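Report on one structure; see the data block that follows.
Chains as they are written, first to last, in this note's numbering: chain A, 1 to 495; chain B, 496 to 712.
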């Protein structure tokens, strides 16, 4: 197998069959079908005639890559393969099986208003949604202190500051922050520079620190104000639709967990999906046929959709070297936000009958934010948390004990007796994610914005980071998947 | 009957008072905590600090409780400066740190290095030592002459890092990286030291160092 081109004769056969039926149907935009037709008959136009050569190789079986694959298939193009480094699909979305049919999400898990692409996909895949549980009091812990307060489905952020940010975000287009008319002024500032001018009271500062760690993956001093504003712009220029729970980007979950989207898409791909197949080297990306060296041999394709995180691209060897602009973008792309997420499982969500919503916010403690992540019917109780990795011991038993003691203070003594604990540090679990959300630093978009999307030869850049709306979110992943499939099909048509 | 009601009301009042009182105390302690942490924080300058971006992985005041993420507290400024520059230039390879180091100006690197050097290193609280492995590691540390570069108490000096009380998984990953030429130190000593160590030796050495309590400065 090693170093031999993989045979794809069945793909070629399907393509010929497709030619016969395709002529009559109009389908998903003439674009898609036309493209697949054109590429299928390219041999008559003097292109490379070799049935082992695929139309498209997709790198990464996360939401973006699988959406792209699904679109190709829906457009009638079956000459593609999806190459996934891990032995599972989903990328940064992952379900942890709690047994008895229950799961808890380990990676990306929420959607919210305006995230219509992922909602649409879920509808097509028959994956239902339900609201994040927020009714009741949130507990704030700090030192020996404890306060239970009804935050009405928010994180208790000062909404006047939020409103100022919302107003500023109107000038920062989410699809291209570097095209903001206020680029020069805004991109030299960190969010911290800006917040420092807002007379924020000491008791509110921790809230901002925490919300930046959760939403941006970094503290305010190293987060680009411009990028943060572009994220608010994605949320319809409404800060509260980005950084709150109810009616916001943390407000809605998928029944069966977010990874179910990927599992369902993968089911439709059959052998076109190859797991445990990392791509090590990409050669001839500037020529008609691109060669990918994988752990399962060589793949040759006319187009490559790169649906992995920009920083992960640094682990792939490119021959020839990528253009300077793209190479610089990949190198500088922040990768220091590998979240650690935990799940504590209880027989019942016992906190609910006490009027608590199961949410805990800890000031300068191990827990950034814990929340009720129980299944829709509340049949069992699950408390998920984002934790400060360095403040919680790495040993799972120790971590569990520390967390149960915190939860006992916020939710009651019952918290000392969980039935299971799960802990996932994305920085350590495997090398295939590196990081979570993008902690874009000041100045980044001024230097690298123009290199984000333009294809390099036959390499089409995808993944949520390239999305025009909701970049960094599951919704952005779906959008980028659709977009890259259209790009591939459209460009193949011109072969 | 009437007596029962009165008693009931009294009991209710007592419960309410306790609850209300507890809430009040909880609120008071919370405010006190905010005040204390704010004061300590502002001693290093107004909110927010650049060093906040190190907090998630390297802990409060640079003391990580996680065996895989190194503590920076008490590290010599010369070592920290050198490593941040190496990450930024790509001489030291770690995908999570490189882009972050690239964002730091020379002034920020100096001030971060000075800040972490000032912090008091804490004992590696969560590490459980096995006395036998620890003993083997101690002998290896002696024969490898670690103290020659890392200082008498292995607290680090100049461009050489503190090893005492560092995270076990981190230490082991570094020893393995030196042995495999994936991390290279400017003097080449670490290559020479690790060349003679088996995988088990490296584990024992990491074990000894992780368990070693940081000396007072």
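We put the CB at the ideal spot given by N, CA and C, even for glycine. Given the structure is predicted, the values throughout are model-derived calculations rather than measurements.
What in chain A is Cβ-close to residue i, meaning under 7 Å?
| i | result |
| --- | --- |
| residue 548 of chain B | 218, 219, 221 and 222 |
| residue 598 of chain B | 222 and 441 |
| residue 563 of chain B | 394 and 428 |
| residue 552 of chain B | 389 and 390 |
How about residue i: is its C-beta nearer than 8 Å to some C-beta of chain A?
| i | result |
| --- | --- |
| residue 628 of chain B | no |
| residue 539 of chain B | no |
| residue 578 of chain B | no |
| residue 594 of chain B | yes |
| residue 664 of chain B | yes |
| residue 645 of chain B | no |
| residue 660 of chain B | no |
| residue 702 of chain B | no |
| residue 574 of chain B | no |
| residue 522 of chain B | yes |
| residue 617 of chain B | no |
| residue 642 of chain B | no |
| residue 688 of chain B | no |
Any idea what DSSP makes of residue i, helix, strand or coil?
| i | result |
| --- | --- |
| residue 292 of chain A | strand |
| residue 102 of chain A | strand |
| residue 347 of chain A | coil |
| residue 215 of chain A | helix |
| residue 655 of chain B | strand |
| residue 397 of chain A | helix |
| residue 263 of chain A | helix |
| residue 421 of chain A | strand |
| residue 202 of chain A | helix |
| residue 54 of chain A | strand |
| residue 317 of chain A | strand |
| residue 522 of chain B | helix |
| residue 312 of chain A | helix |
| residue 689 of chain B | helix |
| residue 137 of chain A | strand |
| residue 232 of chain A | helix |
| residue 625 of chain B | coil |
| residue 363 of chain A | coil |
| residue 224 of chain A | strand |
| residue 342 of chain A | strand |
| residue 532 of chain B | helix |
Could you list which residues in chain B have their beta carbon closer than 7 Å to that of residue i, in chain order?
| i | result |
| --- | --- |
| residue 199 of chain A | Simply none; closest approach about 11 Å. |
| residue 334 of chain A | 594 and 595 |
| residue 205 of chain A | 542 |
Chain B beta carbons: is any one of them nearer than 8 Å to that of residue i?
| i | result |
| --- | --- |
| residue 472 of chain A | no |
| residue 140 of chain A | yes |
| residue 492 of chain A | no |
| residue 467 of chain A | no |
| residue 29 of chain A | Because residue 29 of chain A carries a pLDDT of 34, less than 50, the predicted location of this residue cannot be relied on, and no value is offered for it. |
| residue 145 of chain A | yes |
| residue 398 of chain A | yes |
Near residue i, which residues of its chain fall below 8 Å by C-beta distance, leaving aside the five closest residues on each side in sequence?
| i | result |
| --- | --- |
| residue 564 of chain B | 552, 553, 554, 662 and 665 |
| residue 401 of chain A | none |
| residue 612 of chain B | 569, 570, 571, 572 and 575 |
| residue 129 of chain A | 111, 119, 122, 252, 253, 254 and 255 |
| residue 353 of chain A | none |
Give every residue of the same chain whose Cβ lies closer than 6 Å to the Cβ of residue i, excluding the five residues on either side of it in the sequence, and list them in chain order.
| i | result |
| --- | --- |
| residue 169 of chain A | 229, 232, 233 and 237 |
| residue 280 of chain A | 293 |
| residue 363 of chain A | 142 and 206 |
| residue 408 of chain A | 415 and 416 |
| residue 596 of chain B | 579, 582 and 583 |
Can you name the residues of chain B whose CB is closer than 8 Å to the CB of residue i?
| i | result |
| --- | --- |
| residue 364 of chain A | 528, 532 and 555 |
| residue 435 of chain A | 591 |
For residue i, which residues in chain A fall below 9 Å Cβ to Cβ?
| i | result |
| --- | --- |
| residue 716 of chain B | With chain B covering only 496 through 712, there is no way to say anything about residue 716 of chain B. |
| residue 525 of chain B | 140, 141, 142, 143, 144, 145, 146, 147, 203 and 363 |
Please go through the same chain and pick out, in chain order, the residues whose beta-carbon is closer than 7 Å to the beta-carbon of residue i, but skip the five residues on each side of it.
| i | result |
| --- | --- |
| residue 131 of chain A | 251 and 252 |
| residue 259 of chain A | 90, 93, 94 and 95 |
| residue 667 of chain B | 697, 698 and 701 |
| residue 592 of chain B | 582 |
| residue 337 of chain A | 217, 218, 435, 436, 437 and 439 |
| residue 375 of chain A | 102 |
For a contact defined as C-beta to C-beta under 9 Å, what are the partners of residue i on chain B?
| i | result |
| --- | --- |
| residue 71 of chain A | Neighbours of residue 71 of chain A on chain B: none; closest Cβ ~30 Å, over 9 Å. |
By the criterion of Cβ-Cβ separation under 8 Å, what are the contact partners of residue i in chain A?
| i | result |
| --- | --- |
| residue 639 of chain B | Those do not exist, as residue 639 of chain B stays about 26 Å from chain A at its closest Cβ, beyond 8 Å. |
Quiz item: Which ranges would you report for the beta strand (DSSP E) in the stretch 562–586 of chain B if only whole runs of at least 3 residues count?
Solution: Runs of the beta strand (DSSP E) inside the stretch 562–586 of chain B: none found.
Quiz item: Which residue spans inside the stretch 432–481 of chain A form an unbroken beta strand (DSSP E) run of at least 3?
Solution: Assignment of beta strand (DSSP E) within the stretch 432–481 of chain A, counting only whole runs of 3 or more residues, yields 459–461 in chain order.
Quiz item: Which ranges does the alpha helix (DSSP H) cover as unbroken runs of at least 4 residues, wholly within the stretch 151–193 of chain A, from first to last along the chain?
Solution: 159–169 and 183–187
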